[in-house]
Amino acid sequence: MATSPVGKILVHLLGGFQVWCGEHEVVLPPTSQHLLARVALVGRVPRSALAGELWPDLPEGRAQANLRTSIWQVRRLCPDLLVHAGEVVALPATAEVDLHLTQALALSVIRDVAAVPTDSLMSHLHALELLPGWYEEWVLAERERDRQLRLHALELTAHALLSRGLAGAAMHAALAAVQLEPLRESAHRAVITIHLSEGNVAEALDQYGLYRSVMLAEVGIEPTRSLQELLGVAARGAPIPSQRSQRALRGG
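Here the working numbering = 1-based position in the sequence shown + 17.
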């Protein structure tokens with residue numbers, strides 16, 4: 018591939034790895050993808066730490082040699098993609114990383130959801146998984162951190178949109194949280210609350226039954242009493258999941 022012209026640098030980590038230098042996609046070999054992804058996640062990384070994280074099973078000298086090769090491969094394909102200053106490797110200050118943009122919005126929601134405009138709230142309902150198919154320890158740790166951040170932001174978004182009279186958009190956010198973590202009671206509670214706000218008691222009971230079935234099957238415990246009381250089912254026992262919930266559990 019020919020060297021890309023100078024232009025805007027975009028690094029995509031959500032839904033898969035992809036890099037653009039200007040109008041050209043840069044196709045990197047796997048080791049260079051891992052190098053660039055790690056630098057994009059952390060920001061500025063000392064060479065010694067980077068080599069150890071990317072090649073933890075190799076002797077230091079071999080790991081450093083691999084790092085030099087990977088840096089050379091990246092800069093050969095797009096000279097502006099990495100800044101290599103002394104012992105530190107970084108992205109250029111003008112580079113955009115999709116993960117950073119989505120996390121900045123999620124953090125703003127967590128800090129003060131009431132101050133976030135409705136259009137911005139609705140813009141992050143389709144967040145994708147961080148580097149799917151990558152199972153290195155540093156990826157798993159960042160993926161879990163991002164997942165927890167998104168879960169909290171989605172739940173706050175659901176309640177905020179509901180308070181603004183946008184029940185449909187609120188349901189979208191709540192169901193996104195449920196999909197992200199099917200065992201998370203606060204996510205199911207948000208779905209149930211939205212159903213009840215619209216007077217859809219049967220659908221609220223269906224959601225409760227679905228969640229209860231999943232909890233009993235996966236964890237062996239009942240939902241909390243506070244969730245039962247939200248539906249007024251504590252006094253008469255938990256409802257049996259409806260046929261619709263049973264089909265959802267079977268994936269049919």
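Glycine included, every Cβ here is placed at the ideal spot set by N, Cα and C.
Alpha helix (DSSP H) containing Val-208: first to last residue? Looking up residue 208 in the sequence shown gives position 191. That run of the alpha helix (DSSP H) goes 202-214.
Could you tell me the distance, in whole angstroms, from the CA atom of Arg-160 to the CA atom of Ala-123? Numbered from 1 along the sequence shown, position 143 holds the residue referred to as residue 160. Numbered from 1 along the sequence shown, position 106 holds the residue referred to as residue 123. Spanning the two alpha carbons is a distance of roughly 14 Å.
Could you tell me which whole alpha helix (DSSP H) segments of length 4 or greater appear in the region 92-144? 115-129 and 135-139
Is there a Cβ of chain B sitting closer than 8 Å to that of Val-236, yes or no? Among the protein chains of the structure shown there is no chain B, as only one such chain exists.
Determine, using beta carbons only, whether Glu-70 and Arg-85 come nearer to each other than 8 Å. Reading the sequence shown from its first residue, position 53 is the one you call residue 70. Reading the sequence shown from its first residue, position 68 is the one you call residue 85. Not in contact: Glu-70 and Arg-85 (Cβ atoms no closer than 8 Å).
Report the start-end ranges of each alpha helix (DSSP H) in the region 169-205 that is 4 residues or longer and not cut off at the edges. 184-197
Report all residues from its chain with a CB closer than 8 Å to the CB of Arg-64; omit the five preceding and five following residues, and keep chain order. What you label residue 64 is simply residue 47 of the sequence shown in a count that begins at 1. Once the five neighbours on either side are set aside, the close Cβ partners of Arg-64 are Gln-81, Leu-84, Glu-104, Val-105 and Val-106.
To the nearest angstrom, report how far apart Glu-246 and Arg-162 are at their CA atoms. Stepping through the sequence shown from its first residue, residue 246 is reached at position 229. Stepping through the sequence shown from its first residue, residue 162 is reached at position 145. Those two C-alpha atoms are separated by around 32 Å.
Ala-204 beta carbon less than 8 Å from that of Glu-198: For this step, residue 198 is matched to residue 181 along the sequence shown. For this step, residue 204 is matched to residue 187 along the sequence shown. Yes; because the gap between Cβ atoms is below 8 Å, this pair is in contact.
Would you tell me roughly how many angstroms separate the C-alpha atoms of Ala-144 and Leu-53, rounded to the nearest one? As a position in the sequence shown, residue 144 is number 127, starting the count at 1. As a position in the sequence shown, residue 53 is number 36, starting the count at 1. Cα to Cα, Ala-144 sits roughly 21 Å from Leu-53.
Quickly, what does DSSP pair Gln-245 with across the bridge? List them, please. Here the question's residue 245 lines up with position 228 in the sequence shown. In DSSP, Gln-245 forms no bridge with anything.
Is DSSP giving Leu-31 helix, strand or coil here? Along the sequence shown, read from residue 1 onward, the residue named residue 31 stands at position 14. Three-state result, Leu-31: strand.
On the CB-based measure, 16 or more other CB atoms within 10 Å of its CB, does Asp-129 come out buried or exposed? Here residue 129 refers to the residue found at position 112 of the sequence shown. Asp-129 is exposed by the Cβ-count criterion.
Rounded C-alpha distance that separates Gly-226 from Leu-147: On the sequence shown, position 209 is the one that residue 226 refers to. On the sequence shown, position 130 is the one that residue 147 refers to. Each residue's Cα considered, the two are about 31 Å apart.
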